[in-house]
Amino acid sequence: LAKTTQPISMDSYEGQEVNITCSHNNIATNDYITWYQQFPSQGPRFIIQGYKTKVTNEVASLFIPADRKSSTLSLPRVSLSDTAVYYCLVWMDSSYKLIFGSGTRLLVRP
Amino acid sequence: NAGVTQTPKFQVLKTGQSMTLQCAQDMNHNSMYWYRQDPGMGLRLIYYSASEGTTDKGEVPNGYNVSRLNKREFSLRLESAAPSQTSVYFCASSELRGGDGYTFGSGTRLTVV
C-alpha cells in the first residue's frame with residue numbers, strides 16, 4: 001500500500017482558500033486518491049476522489065499532477081465549520097482495505 | 111435515517127472483562143469494517159468483512175474477534191479487555207470496493223480501567 005505524507009496541521013482564516021498537499025511517492029498504477037474529513041466526535045466523511053488531473057465537486061477540488069506522486073485538496077473560501085481533520089488516502093482497486101494516516105488538522109479562525 | 115448505527119456510544123470496562131460492540135447498517139452494503147482511533151491519531155483497521163460470510167484481519171487484529179451475523183450486522187468482541195484497548199471504535203460499511211463509498215458510524219468510546 002502506498003504511504004501518504006501530509007502536514008500535521010494548518011491554520012487559516014475564514015474566507016480564504018486552503019490547499020492541503022499530500023505526498024504519495026510510491027503510488028501504483030491501479031491506486032486511487034481519496035480524501036476524507038473528520039469532525040470531532042464523528043466518523044470520517046468522504047469528500048472527494050480522483051485518479052489523475054482535476055476533480056471538482058460542490059465541496060472541494062482535487063488536483064493530481066501527471067506523475068501522480070502528490071495530490072492537493074483545495075477548499076475554497078473556508079468557514080469556521082471547515083475546522084476538521086483531513087485525511088489523504090491511497091487505495092488499491094483490488095483491495096477492500098482503506099488505510100488512514102494521521103491526517104492534517106485544519107483550524108479555521110474568524 | 112439511513113446509515114450505520116453503533117451501540118453502545120460509551121462504555122467503561124474493567125481489565126479482563128469482555129464485551130461486544132454492535133454495528134448495523136441499513137444501506138444494503140456488502141462490506142463492513144471495524145476501525146479504532148486513539149487520541150490524536152488516525153484510524154486503524156481492525157477487521158473487515160468483504161461480504162456476508164467472510165471476515166479478514168486488518169492492521170491491528172490482536173485482542174479482537176468479529177462476527178458477520180448477516181448482511182446488516184457486524185459485531186466486534188473484546189474477550190479480555192486491556193487498558194491498551196481504550197479507544198474510539200468506528201464501524202463503517204461500503205457497497206463495493208472503493209475509497210469513495212465508505213459510510214461511518216458515530217463511534218463507540220471505550221475506556222478500559
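Protein chains in written order, with this note's numbering: chain Z, 1 to 110; chain W, 111 to 223.
We put the beta carbon where it would ideally sit given N, CA and C, even for glycine.
Determine the direct distance from the alpha carbon of F39/Z to that of P193/W, and round the result to whole angstroms.
By one-based count along the second sequence, residue 193/W stands at place 83. By one-based count along the first sequence, residue 39/Z stands at place 39. Using only the alpha carbons, I get a separation of about 25 Å.
Which same chain residues, not among the five before or five after F63/Z, have their C-beta less than 7 Å away from its C-beta?
On the first sequence, position 63 is the one that residue 63/Z refers to. Contacts found: K54, S71, T72 and S74.
When the cut-off is 8 Å and only beta carbons count, does Q42/Z lie next to chain W?
Locating residue 42/Z in the first sequence gives position 42, where the first residue counts as 1. At least one chain W Cβ lies under 8 Å of Q42/Z.
The beta strand (DSSP E) spanning L75/Z covers which residue range?
As a position in the first sequence, residue 75/Z is number 75, starting the count at 1. Per DSSP, L75/Z belongs to the beta strand (DSSP E) from S70 to L75.
What do you reckon, is the C-beta of V176/W under 7 Å from a heavy atom of the ligand GDP?
Among the components modelled here there is no ligand, and therefore nothing to report on the ligand GDP.
In chain Z, which residues lie less than 7 Å from Y212/W when you measure between Cβ atoms?
In the second sequence, residue 212/W corresponds to position 102, counting from 1. Residues of chain Z passing the Cβ test: F46 and L98.
Per DSSP, which residues does D166/W bridge with? Please list them.
On the second sequence, position 56 is the one that residue 166/W refers to. BP columns for D166/W point to Y158/W.
Using a Cβ-Cβ distance under 8 Å, would Y86/Z count as near chain W?
Indexing the first sequence from 1 puts residue 86/Z at position 86. Chain W, which has no Cβ nearer than 8 Å to the Cβ of Y86/Z, makes this no.
Measuring CB atoms only, is the region 33-48 of chain Z touching the region 77-97 of chain Z, in the sense that at least three cross pairs come out at less than 8 Å?
Because the criterion of three Cβ pairs below 8 Å is met, the region 33-48 of chain Z and the region 77-97 of chain Z touch.
Identify each residue in the region 8-35 of chain Z for which the Cβ-Cβ distance to at least one residue of chain W is less than 7 Å, and report them in chain order.
Hits within the stretch, in order: Y32 and T34.
At a Cβ cut of 7 Å, what residues of the region 69-82 of chain Z count as close to chain W, listed as they run along the chain?
Cβ contacts with chain W: none found.
Taking all protein chains shown into account, decide if F100/Z is buried (16 or more other Cβ within 10 angstroms of its Cβ) or exposed.
In the first sequence, residue 100/Z corresponds to position 100, counting from 1. Result: buried.
Assign R178/W to buried or exposed, taking buried as 16 or more other Cβ atoms, counted over all protein chains shown, within 10 Å of its Cβ.
In the second sequence, residue 178/W corresponds to position 68, counting from 1. Looking at its Cβ environment, which holds 16 or more other Cβ atoms inside 10 Å, R178/W is buried.
How many angstroms separate the CA atom of R154/W from the CA atom of A191/W?
Walking along the second sequence from the start, residue 154/W turns up at place 44. Walking along the second sequence from the start, residue 191/W turns up at place 81. Using only the alpha carbons, I get a separation of about 18 Å.
Could you tell me which chain W residues have their CB closer than 8 Å to the CB of S61/Z, listed as they occur along the chain?
Within the first sequence, residue 61/Z is the residue found at index 61, counting from 1. Correct list: empty, because the minimum Cβ distance to chain W is about 15 Å.
Looking at the structure shown, is L153/W part of a helix, part of a strand, or coil, going by DSSP?
Taking the second sequence and counting its residues from 1, the one referred to as residue 153/W is at position 43. Of the three classes helix, strand and coil, the one that applies to L153/W here is strand, per DSSP.
Between R182/W, L220/W and E183/W, which lies nearest to S197/W when the distance is taken from Cα to Cα?
Counted from its first residue, the second sequence places residue 197/W at position 87. Comparing Cα positions, the closest option is L220/W.
Per the DSSP calculation, Y32/Z is bridged to which residue(s)?
As a first step, residue 32/Z is located in the first sequence; it is residue number 32 there, counting from the start. The partner list for Y32/Z (beta bridge, DSSP) reads W91/Z.
Measuring straight from C-alpha to C-alpha, what distance separates S128/W and V122/W?
The residue labelled residue 128/W in the question sits at position 18 within the second sequence. The residue labelled residue 122/W in the question sits at position 12 within the second sequence. Near 11 Å, if we compare the C-alpha coordinates of V122/W and S128/W.
Which one or two residues does DSSP pair with V114/W in a beta bridge?
Taking the second sequence and counting its residues from 1, one reaches residue 114/W at position 4. Q135/W.
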